[in-house]
Amino acid sequence: MKVLVTGGAGFVGSHLVDGLLEQGHEVRILDNLEPQVHGEGGARPDYLTEEAELQVGDIRDREAVARALDGVEVVYHQAALVGVGQSMYDMARYVDINTLGGAIVLEEIVKRRDAIRKVVVASSMSIYGEGAYRNGKGQIVSPSLRSDEELAAKRFDFEGAVDGPLEPIPTPEDKPLQPTSIYAVTKRDHEEMFLAAGSAYRIPVVALRYFNIYGTRQALSNPYTGVVAIFSSRLLNRNRPMIFEDGNQSRDFVHVSDIVRANLLALERSEADGGVFNIGTGQPTSIKQVAEILAERLDYPEDPDIVGRYRAGDIRHCFADISRAREGLGFEPRMSLADGMDELLAWLRNQKADDRVEGAAKELEARGLTR
Ligand SMILES: NC(=O)c1ccc[n+]([C@@H]2O[C@H](COP(=O)([O-])OP(=O)(O)OC[C@H]3O[C@@H](n4cnc5c(N)ncnc54)[C@H](O)[C@@H]3O)[C@@H](O)[C@H]2O)c1
Numbered sequence: 004m005k006v007l008v009t010g011g012a013g014f015v016g017s018h019l020v021d022g023l024l025e026q027g028h029e030v031r032i033l034d035n036l037e038p039q040v041h042g043e044g045g046a047r048p049d050y051l052t053e054e055a056e057l058q059v060g061d062i063r064d065r066e067a068v069a070r071a072l073d074g075v076e077v078v079y080h081q082a083a084l085v086g087v088g089q090s091m092y093d094m095a096r097y098v099d100i101n102t103l104g105g106a107i108v109l110e111e112i113v114k115r116r117d118a119i120r121k122v123v124v125a126s127s128m129s130i131y132g133e134g135a136y137r138n139g140k141g142q143i144v145s146p147s148l149r150s151d152e153e154l155a156a157k158r159f160d161f162e163g164a165v166d167g168p169l170e171p172i173p174t175p176e177d178k179p180l181q182p183t184s185i186y187a188v189t190k191r192d193h194e195e196m197f198l199a200a201g202s203a204y205r206i207p208v209v210a211l212r213y214f215n216i217y218g219t220r221q222a223l224s225n226p227y228t229g230v231v232a233i234f235s236s237r238l239l240n241r242n243r244p245m246i247f248e249d250g251n252q253s254r255d256f257v258h259v260s261d262i263v264r265a266n267l268l269a270l271e272r273s274e275a276d277g278g279v280f281n282i283g284t285g286q287p288t289s290i291k292q293v294a295e296i297l298a299e300r301l302d303y304p305e306d307p308d309i310v311g312r313y314r315a316g317d318i319r320h321c322f323a324d325i326s327r328a329r330e331g332l333g334f335e336p337r338m339s340l341a342d343g344m345d346e347l348l349a350w351l352r353n354q355k356a357d358d359r360v361e362g363a364a365k366e367l368e369a370r371g372l373t374r
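Numbers given in the working numbering equal positions in the sequence shown, counted from 1, plus 3.
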């Protein structure tokens, strides 16, 4: 089939492009080579295969989108700005690119709906806010953010009111959504806009809620990207990774190869149409653990810098309940964290990264977003 991947020059998109080509699809990319991700000057990244057609253009440019959609049967919408912290002060740009850009892609898809056989949209675990928990009575609860008072007193875990401490459990798709950043709001927009339009116009749409993705090609010099890339950038420059809170907060780290497989399954499975699926491993890993694994493998002797402060809007724990993806997509994560880290480290050793993390941290601090 003829497939368009928006954002196909990026981390996830480029791996997805490789996966689609391997399956025999014809692939086109629409990507504006955003300088924050690809560096000033916006050169085609070296890792990007010549077998895919790259159209350099912005998803907010209707004509560029129309050109990119010409003859296309399948669309993967991956293009977005991805910085959670940055989105809290660059709000209009995030809404402009992610929400409005997404709406333009969608309008152009709707015009060509007779030709379109599937649309898969990248959503995010960030839309949940806090993950799901069980209280002392065995009930499943969805707490809202911890208060400033608790965080300032370094009471990072949910203590629970009368029912004892809350125990984090895998987060299912039906947990109420509580996005806590502008980025997360725009990702919820992506998901809801694409599913609503898909249902109204009878276009098969699938939304995949990615958890924390790691792997080769993640933009190491982008201080607003994922935590694995940020820590790697610090360590490659022989700086200590900075960790907020006490480092025991956990996330679900999923290798990019598993994300690609979920996307390919979403294309194959018509039962998945109209659905939303968590894509993760189902396993929590603490942020401190990730910093320690990376430091050990990069022969960095010092402990991470646990700053003890916290960021506004940060959550304590969130990891995926993947039962729905198992049933509806036939998805099973294959890459263990140990193997995924080995692969990442083999690549990292030959990479250079500009460590811009302190500058980004100062941006948050200057705005009172770290406390
Ligand atoms: N990486 C993760 O952990 C993660 C987790 C959840 C969801 N996601 C989602 O997955 C998708 C891919 O993320 P990624 O990690 O590969 O990020 P990335 O920054 O590596 O890739 C995004 C790509 O989109 C392009 N882009 C940005 N603005 C554009 C515009 N206006 N027009 C055209 N192209 C534009 C960029 O140049 C880049 O190549 C995003 O939608 C993101 O929200 C990622």
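Glycine included, C-beta positions come from ideal geometry on N, C-alpha and C.
Every value quoted in this text rests on a predicted model; they were computed, and no experiment measured them.
C-beta contact flag for residue i and residue j at 8 Å
i           : j           : result
residue 77  : residue 4   : yes
residue 182 : residue 243 : no
residue 281 : residue 79  : no
residue 129 : residue 92  : no
residue 300 : residue 338 : no
residue 133 : residue 318 : yes
residue 131 : residue 174 : yes
residue 227 : residue 11  : no
residue 216 : residue 310 : no
residue 104 : residue 62  : yes
residue 257 : residue 207 : no
residue 369 : residue 224 : no
residue 222 : residue 14  : yes
residue 262 : residue 213 : yes
residue 159 : residue 169 : no
residue 334 : residue 264 : yes
residue 198 : residue 277 : yes
Where residue i sits in the DSSP three-state scheme
i           : result
residue 228 : coil
residue 315 : coil
residue 356 : coil
residue 204 : helix
residue 308 : strand
residue 102 : helix
residue 59  : strand
residue 323 : strand
residue 373 : strand
residue 263 : helix
residue 217 : strand
residue 293 : helix
residue 245 : strand
residue 4   : coil
residue 337 : coil
Residue i, buried or exposed, once every other Cβ within 10 Å from all chains shown has been counted against 16
i           : result
residue 274 : exposed
residue 8   : buried
residue 59  : exposed
residue 52  : exposed
residue 303 : buried
residue 354 : exposed
residue 50  : exposed
residue 349 : exposed
residue 179 : exposed
residue 271 : exposed
residue 326 : exposed
residue 89  : buried
residue 17  : buried
residue 371 : exposed
residue 43  : exposed
Those residues which DSSP pairs with residue i across a bridge
i           : result
residue 9   : 33 and 80
residue 121 : 77
residue 288 : 254
residue 280 : 211
residue 182 : None; residue 182 has no bridge partner.
residue 153 : Looking at the DSSP assignment, residue 153 forms no beta bridge with any residue, so it has no partner.
residue 135 : 172
residue 128 : According to DSSP, residue 128 bridges with nothing at all.
residue 144 : 136
Residue closest to residue i, alpha-carbon to alpha-carbon, out of the options
i           : options               : result
residue 253 : 151, 293, 221 and 263 : 293
residue 108 : 83, 36, 258 and 175   : 83
residue 347 : 144, 134, 10 and 234  : 234
residue 211 : 224, 81 and 61        : 81
residue 64  : 49, 95, 34 and 39     : 34
residue 296 : 284, 342 and 321      : 342
residue 322 : 127, 120 and 66       : 127
residue 332 : 97, 279 and 120       : 279
residue 31  : 13, 14 and 55         : 55
residue 312 : 330, 250 and 264      : 250
residue 97  : 189, 36, 147 and 67   : 189
residue 288 : 315, 230, 259 and 149 : 230
Minimum Cβ-Cβ distance from residue i to chain D less than 8 Å
i         : result
residue 5 : Of the protein chains in this structure there is only one, and it is not chain D.
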